[in-house]
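Asks:
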Amino acid sequence: MQFDFSTPTQRLNSYSTQWDYVGDRFGCSDLLPFTISDMDFAAAPCIIKALQHRLDHGIFGYSRWNHSDFKQAICHWFESQYQAQIDQNSLVYGPSVIYIIAKLIQLWSKPNDSVLFFDPAYDAFRPLIETSQRRAVPCPLTCQRDEQSSSYQVDWHKLDQQASDPRCTILLLCNPHNPTGKVWNHQELSKIAHIAQRHNLKIISDDIHMDICFDPYTPWSKVAQNDQWALVSSASKSFNIPALTGAYAAIACEETKQAYLNVVKQTEGLSSPAILGVIATMAAYREGATWLHALKEYLHGNLLWVTERLNQEFPQLNLHPPQGTYLAWLDLSALNIDMDKLQHALIHEQKIAIMRGDAYGPLGENHLRFNVGCQRDKVEKGIEGLINAIHSLR
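The structure is reproduced here in structure tokens:
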């Protein structure tokens, strides 16, 4: 089946965060956005069909997620796509990945405990940790680059040293990693698992981008050495349905799972899920694989075009596409330009919004995070605007 990812779509005046509210972050409302990580594509036809069927039913009363249809769809997806076994009884629901992570941090640590994460990091991680009265402890990733490839590497000695601190109780992983696009391989995850086992660390793995991997993706369940872990994910990123809300987690420890369910129901009062999100997830995981594979091919083409075009214009950059996600992580440090002036030129002269890298921590300085989850024509406009802005500063 052929899927069309090239025809322009219209998102203005749809209450879109990326399009209608770009001025909240960038100060101007008339910008072409390449920002928050959602896509400009319509959802997969199988999802739209399932939603339409439910809409035609016309009754939207209180609903449940804790049934075999929902949980088996998730298990089927992991088995069919990643040859991974997920225990159906370990699965829980939450309104978002960040919500579930926040509750697990509260369950698995106490105030003033430390939560480890890899830096640069998704910009929601640090405030999430710190507003929970925990200490955010970054472990830096370093980029190793040659003419053929680039990859982010862990300082294993430093990680082991940080993990040995008795105040450190949790490692918050992101696989694939946002913003660098690193896909953690089996060997790296096994090494992290050994360190976690040795120092009694709980693992929370945020795998919301797992389906957009161009290198093999390894779920944490394949390397886990005990039951002190949770894999948190959602169909929202892969299938472009975040507005429907809904996420899930495999929580290996039964005691923690029951504690989470108690918090969700008794403390938070979240008994009934957003049923359209549940239905969309089931449709995506049962019938959406063909659409997703076509989408990944298109996204990878966008990422290749971005790196090739920028390397053509600025050979000293030596950029490479990420191993995962539809977010191009652009290291512009070789150009020696003022990033504040670059943002000004992008916003006020080129009318383009691109996320600045230092939003993801100090290791993101001199970087941009460019969302390619859109039609190629839009990608080309954005990159040509970036090139023009760079030239205006040199």
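According to UniProt numbering, the sequence shown is numbered sequentially starting from 1. For each residue, glycine too, the CB sits at the ideal point set by N, CA and C.
Okay, do the stretch 212 to 230 and the stretch 20 to 40 touch, 3+ Cβ pairs below 8 Å being the bar?
Replies: No contact exists between the stretch 212 to 230 and the stretch 20 to 40.
Asks: Quick one: what's Y152 bridged to in DSSP?
Replies: Note: Y152 sits in a beta bridge opposite C143.
Asks: Determine the DSSP secondary structure at W229, reduced to helix, strand or coil.
Replies: The answer is strand: DSSP assigns W229 an E or B state.
Asks: Should Y62 and S272 be called a contact, given that it needs their Cβ atoms to be closer than 8 Å?
Replies: Yes, Cβ-Cβ distance for Y62 and S272 is below 8 Å.
Asks: Using the C-alpha atoms, what's the distance from A252 back to S6?
Replies: Between S6 and A252, the C-alpha separation is close to 41 Å.
Asks: List the whole-angstrom C-beta distance separating V232 from A249, where the pair is believed to meet the contact cut-off of C-beta under 8 Å.
Replies: About 4 Å separates the two Cβ atoms, so the contact holds.
Asks: Candidates I279, L363 and P166: which alpha carbon is nearest R64's?
Replies: The option with the nearest alpha carbon to R64 is I279.
Asks: Along the chain, where does the alpha helix (DSSP H) that runs through D20 open and close?
Replies: Taken as a continuous stretch (DSSP letters only), the alpha helix (DSSP H) holding D20 covers T17 to D20.
Asks: To the nearest angstrom, report how far apart Y264 and P8 are at their CA atoms.
Replies: According to the sequence displayed, residue 264 carries Val and not Tyr. Taking the straight line joining both Cα atoms gives about 40 Å.
Asks: Buried or exposed: where does N175 fall if 16 or more other Cβ atoms within 10 Å of its Cβ makes it buried?
Replies: The residue is buried, with at least 16 neighbouring Cβ atoms inside 10 Å.
Asks: In chain order, what residues of the same chain have a beta carbon less than 7 Å from the beta carbon of R356, not counting five sequence neighbours either side?
Replies: Result list for R356: M339, Q343 and L368, in chain order.
Asks: Answer with buried or exposed for D331, where buried requires no fewer than 16 other C-beta atoms within 10 angstroms of its C-beta.
Replies: Buried, because 16 or more other Cβ atoms sit within 10 Å of the Cβ of D331.
Asks: Nearest by alpha-carbon distance to L346: which of E384, R376, P362 and R135 is it?
Replies: Out of E384, R376, P362 and R135, E384 has the C-alpha closest to the C-alpha of L346.
Asks: Just to confirm the assignment, what range does the alpha helix (DSSP H) spanning A259 have?
Replies: Looking at the DSSP string, the run of the alpha helix (DSSP H) that includes A259 is E254 to N262.
Asks: Could you compute how far the alpha carbon of G361 sits from the alpha carbon of D56?
Replies: The straight-line gap from Cα to Cα measures roughly 46 Å.
Asks: Anyone know if the C-beta pair for D20 and N13 falls short of 8 Å?
Replies: In contact: D20 and N13 (Cβ atoms closer than 8 Å).
Asks: Taking the straight line between their C-alpha atoms, what separation do you get for K103 and A389?
Replies: If I take the Cα positions, the gap works out to 43 Å.
Asks: Just confirm the distance between the C-beta atoms of K296 and A84, as a whole number of angstroms; I'd bet it's less than 8 Å.
Replies: At roughly 18 Å, the Cβ-Cβ gap does not stay under 8 Å, so K296 and A84 are not in contact.
Asks: Under the three-state reduction of DSSP, which class applies to H367: helix, strand or coil?
Replies: Three-state result, H367: strand.
Asks: Enumerate, from N- to C-terminal direction, the unbroken beta strand (DSSP E) stretches of 3 or more residues contained entirely within the stretch 101 to 134.
Replies: Complete beta strand (DSSP E) runs here, min 3: 114 to 119.
Asks: With 16 other CB atoms within 10 Å as the buried threshold, where does Q375 fall?
Replies: With 16 or more Cβ atoms within 10 Å of its Cβ, Q375 is classed as buried.
Asks: For D377, report the span of its beta strand (DSSP E) as first-last.
Replies: Counting along the chain, D377 falls outside any beta strand (DSSP E), though it belongs to the alpha helix (DSSP H) covering R376 to S392.
Asks: What are the boundary residues of the beta strand (DSSP E) that includes residue 415?
Replies: With the chain running from 1 to 394 in the structure shown, residue 415 is simply not present.
Asks: Using the Cα positions of L141 and I387, report the straight-line distance between them to the nearest angstrom.
Replies: Approximately 27 Å between the Cα atoms of the pair.
Asks: With distance defined between alpha-carbon atoms, name the residue in Y326, I195 and L128 nearest to I100.
Replies: Looking at the Cα atoms, L128 is the closest of the given residues.
Asks: Do S149 and H300 have their CB atoms nearer than 8 Å?
Replies: No; because the gap between Cβ atoms is not below 8 Å, this pair is not in contact.
Asks: Can at least three beta-carbon pairs, one atom from the stretch 311 to 320 and one from the stretch 280 to 296, be found at a separation below 8 Å?
Replies: Flag = no, the stretch 311 to 320 and the stretch 280 to 296 do not touch.
Asks: Measuring alpha carbon to alpha carbon, tell me which of I74, K237 and C213 ends up nearest I86.
Replies: Comparing Cα-Cα distances from I86 to each of I74, K237 and C213, the minimum goes to I74.
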